[in-house]
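If you're matching positions, the sequence shown starts at 0 in this note's numbering and goes up one per residue. Idealized CB from N, CA, C, for every residue including glycine.
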Amino acid sequence: MPQPSAIQPYEAEFTWHSTIEISIRRTAGSRGLVAAFPSTDARGLGPVDHRVEQSLEPDDQQVFPPWMRGHCGGSHRQSPLQCDEEAGERRYARLRDPHSGRLIGRLTEFNLSNCLYMRNNQRNSQCLGNYVMCSDIRATLARRLNNFKFASRVFILQQEASLRLRVAMRASPLALAAALTVGGVNAALSVVPGATWTATNTGEHVQAHGAGIIEENGVYYMIGEEKTDGAAFQAVNCYSSTNLIEWSFQGRLLTRTEEAGDLGPNRIIERPKVTKNDATGKYVLHLHIDSSDYKDAKVGVATGDSVCGQYEYIRSFRPFDFQSRDIGIFKDDDGSAYLLSEDREYGTRIIKLTDDYLDVAEVTFGWQYFAESPALVKRDGTYFIFGSHLTGWNPNDNVYSYATSLSGPWSNWTEFAPVGSKTYNSQVSFVLPLGTDKAIYMGDRWHSTNLAASTYIWLPLQFDGTTVTLNWHDSWNLDTAAGTWSESTITSEIEGETAALSNGARIVDCSQCSGSSAAGYLGGDEDGTATFNFTVAAADRVTLIVNHKNGDTASRHAAVSVNGEEQSVAFLATSHLSTTGSSAIHVNLKEGGNTVTFSRSEGWGPDVDQLIVPGI
């Protein structure tokens, strides 16, 4: 379809795609608007300048997308969008950069009706400069969004049925497309529970077990335990991400010392949680501190000046002389913070911390119930606390309770995942709010005989009043900016034995694999290579899933090249599993044909069972 000159050199084409999110804010002291999404500055797009045709009201919103600009040279000319007079005609829009082929914007299913041309701010005129618009554009979202609200000078369009905003947009197409792209640019990236998550800058599986999450300026920090050498304390690691999917190692907050003490050899440090104290400006790290026989049962405290910097360890103590093992931390809307503590003798407690977060102030509530690894989230004025039964490294059916006040009364504890699923073989570690009414369950799937191979079970929690449910998804898409998620779709499942094999690579038997065989002998001294070719309908950054077998106890690695872009990817051991494992790889695909090659990174690579390509 031809492109209007107003937005050259970008082209518009119309096809199915997944979802949109619009977040804009009014510029102080003017009627202008600018885009408000976390990745603007990082991507160098700068603000998006718009011109408002009339005031923006919650009940009076109409959208004028940039790809609907016409080229009006003083006379009526039809827009390239070819707006349809009949209501209900459906179109699907994508914007791409023709130079790189990268998808830079997308709009889901929407209906066009009553298309108008305007001039001099008068409706029903022919032209408004280079703009053409439809008075009624309803964007039906693939992911449920909720309500339309103002917050400071930011208002977010989050309406389930339609999005309307009466505004004529003057913006570079790249910048506006980014504002309309899910989570900035990550519409097709997926969370893959239970997979190997390779850090972008280490080539190794993320080591942040028992983790907590803290967000700052659109960046998420995952802080957890390193388990590369067993259960004893090694380090508290910090990783960062702008989308909760691609993680980069930032450093160690604390590391094991040679001398005796809480951080010394053969000590236990678990469940690290960082909270920023807005009053002091300090970042406060709380931990479970213990001896190797788990008899110390204390809380540890450290402070830092930056979220991922070096922390100064202060002390350990028993809160009010009670035992404290697996812990959680909750920061309420008023800035007060609470320690969630499991006491093996008397039960679980919510304990308010002092204003500086360094000590305990009072017991807010206590259960004569043993909820291990407690995690708390607040949704729509109701508090929900989640916890695990006491079964050691073995999983169980985790439970939750709710109340409208931290001091109770609290409901009876009940399961939130299907009974018997053992919370999909995981233990809760943290619950992260998502949007205004959702949350993400973040749990660990522990492998007690190989803790380094423990994986992360992250799944969307569903709230229906005070009823919470957790369903399994092999993979799911996450839009942190809009606070939404959706089920991932699959385009292709390519069997490993169909790959083009060279340099000694060959088909091997694999009883756990989907076709009872796999592409094996990858890497090694001969640099065994497996090459897959497939096509996709559009260019995008996506998550490929590699189902694999690794009979070692340590990770294997492979150099994975996608259209010439190479990265080192880890593949966790599967020797303790009765099935294959999976590894998530985040890559750029181009429209049309794509080539993925597995070759030597170090030593032997995995046996590849399947390459799973998501829908785009």
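Residue environment, residue i, which counts as buried when at least 16 other CB atoms sit within 10 Å
i	result
Glu371	buried
Phe597	buried
Gln322	buried
Glu341	buried
Pro605	buried
Ser515	exposed
Thr578	exposed
Thr552	exposed
Asp304	exposed
Tyr282	buried
Glu601	exposed
Val418	exposed
Gln309	exposed
Asn393	exposed
Ala438	buried
Asn216	exposed
Asp261	buried
Leu389	exposed
Ser510	exposed
Ile584	buried
Ile489	exposed
Beta carbon of residue i nearer than 8 angstroms to that of residue j
i	j	result
Ala557	Leu521	yes
Asn593	Phe533	yes
Tyr399	Trp409	no
Ile328	Ala336	yes
Val535	Glu590	yes
Asn549	Gly523	no
Pro318	Val359	yes
Val205	Tyr238	yes
Ile268	Gly299	yes
Glu494	Gln609	yes
Ser193	Thr454	Reading the sequence as shown, one finds Gly at residue 193 and not Ser. In contact: Gly193 and Thr454 (Cβ atoms closer than 8 angstroms).
Thr422	Gly442	yes
Asp680	Asp436	Coverage of the chain is limited to positions 0 through 615, which leaves residue 680 absent and any answer about it impossible.
Thr279	Asp355	yes
Ile506	Gly519	yes
Ala296	Asn265	no
His285	Leu338	yes
Arg314	Asp289	no
Gly250	Thr256	no
Val427	Phe385	yes
Glu361	Lys351	yes
Glu245	Gln233	no
Leu571	Thr195	yes
Pro271	Gly211	yes
Three-way DSSP call (helix, strand, coil) for residue i in this model
i	result
Glu565	strand
Ala452	helix
Tyr423	helix
Gly209	strand
Thr497	helix
Val467	strand
Ala538	coil
Asp606	strand
Asn395	coil
Glu601	coil
Val418	coil
Cys512	coil
Thr483	strand
Val595	strand
Trp475	strand
Ala374	strand
His446	coil
Val430	strand
Gly407	coil
Trp412	coil
Ala141	In this predicted model, Ala141 has a pLDDT of only 24, less than 50, meaning its place in the structure is not dependable enough to derive any value.
Leu621	Since the first residue of the chain shown is 0 and the last is 615, residue 621 is not available in this structure.
Tyr520	coil
Arg118	In this predicted model, Arg118 has a pLDDT of only 28, less than 50, meaning its place in the structure is not dependable enough to derive any value.
Ile544	strand
Whole-angstrom C-beta distance between residue j and residue i, which should lie under 8 angstroms
i	j	result
Gly630	Ala569	With the chain covering 0 to 615 only, the question about residue 630 has no answer from this structure.
Ser247	Asn200	5 angstroms
Trp445	Leu458	Rounded, the Cβ-Cβ distance is 16 angstroms, inconsistent with contact.
Residue i CB to nearest heavy atom of the ligand GDP below 7 angstroms
i	result
Gly223	Looking at this structure, you won't find the ligand GDP or any other ligand, since it has none at all.
At 3 residues or longer, and completely inside the stretch 304-365: list those beta strand (DSSP E) runs for me, N to C. As far as the stretch 304-365 is concerned, its whole beta strand (DSSP E) runs of at least 3 residues are 310-316, 326-330, 336-342, 346-352 and 359-365.
3 or more residues per run - each beta strand (DSSP E) lying fully within the stretch 246-296: Counting only runs of 3+ residues, the beta strand (DSSP E) found wholly inside the stretch 246-296 occupies 247-254, 267-275 and 282-289, in chain order.
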